[in-house]
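Numbering (my numbering), first residue to last: 129 to 273.
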């Protein structure tokens, strides 16, 4: 099976579009959270909104990794079917070079959630928020508690 010019670009562009949609969704949710709370955690309800956003962010990161691995597998399959290795690597490079800035922009919005303040100071909220932030750094699908 020879890979024709019409089809070899589909996997990378599909992955780029999906990654862009995931990043845009994450940014929209982050902006919505910071606008709704005005960047301040005042109650356990606000902390629950933060928790939901962190869970979404963690899940999208796992989906992004899975999609990247799937793209790699599809490109390997296409190489075995006749696509040149250089073309496949070009597609992988294109995916990385386009999605990297999207990820950095998304990180900026996630950092706004990481810098939220707790007012008035509440030790229970501060402890829970600190625990959420620590768990967010770990490779998980969602927060355990």
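Here a beta-carbon is modelled for each residue, glycine too, at the ideal position from N, C-alpha and C.
Helix, strand or coil for residue i per DSSP?
{"i": "residue 180", "result": "helix"}
{"i": "residue 245", "result": "strand"}
When you compare only the Cα positions, how much space is there between residue i and residue j?
{"i": "residue 247", "j": "residue 138", "result": "49 Å"}
{"i": "residue 240", "j": "residue 193", "result": "23 Å"}
{"i": "residue 198", "j": "residue 186", "result": "19 Å"}
{"i": "residue 201", "j": "residue 151", "result": "22 Å"}
{"i": "residue 258", "j": "residue 175", "result": "11 Å"}
{"i": "residue 166", "j": "residue 203", "result": "44 Å"}
{"i": "residue 244", "j": "residue 272", "result": "21 Å"}
{"i": "residue 276", "j": "residue 205", "result": "Shown here, the chain extends from 129 to 273; a query on residue 276 therefore has no answer."}
{"i": "residue 250", "j": "residue 219", "result": "50 Å"}
{"i": "residue 129", "j": "residue 146", "result": "Note on residue 129: pLDDT 49, under 50, position unreliable in the model; no value is reported."}
Looking at the secondary structure, which residues open and close the alpha helix (DSSP H) in which residue i lies?
{"i": "residue 149", "result": "138-165"}
{"i": "residue 259", "result": "251-264"}
Using 10 angstroms around the beta-carbon of residue i, count the other beta-carbons present and answer buried if the total reaches 16, otherwise exposed.
{"i": "residue 260", "result": "buried"}
{"i": "residue 224", "result": "exposed"}
{"i": "residue 141", "result": "exposed"}
{"i": "residue 216", "result": "buried"}
{"i": "residue 182", "result": "buried"}
{"i": "residue 234", "result": "buried"}
{"i": "residue 149", "result": "exposed"}
Taking residue i as the reference, which of the options has the closest Cα?
{"i": "residue 269", "options": "195, 184 and 206", "result": "184"}
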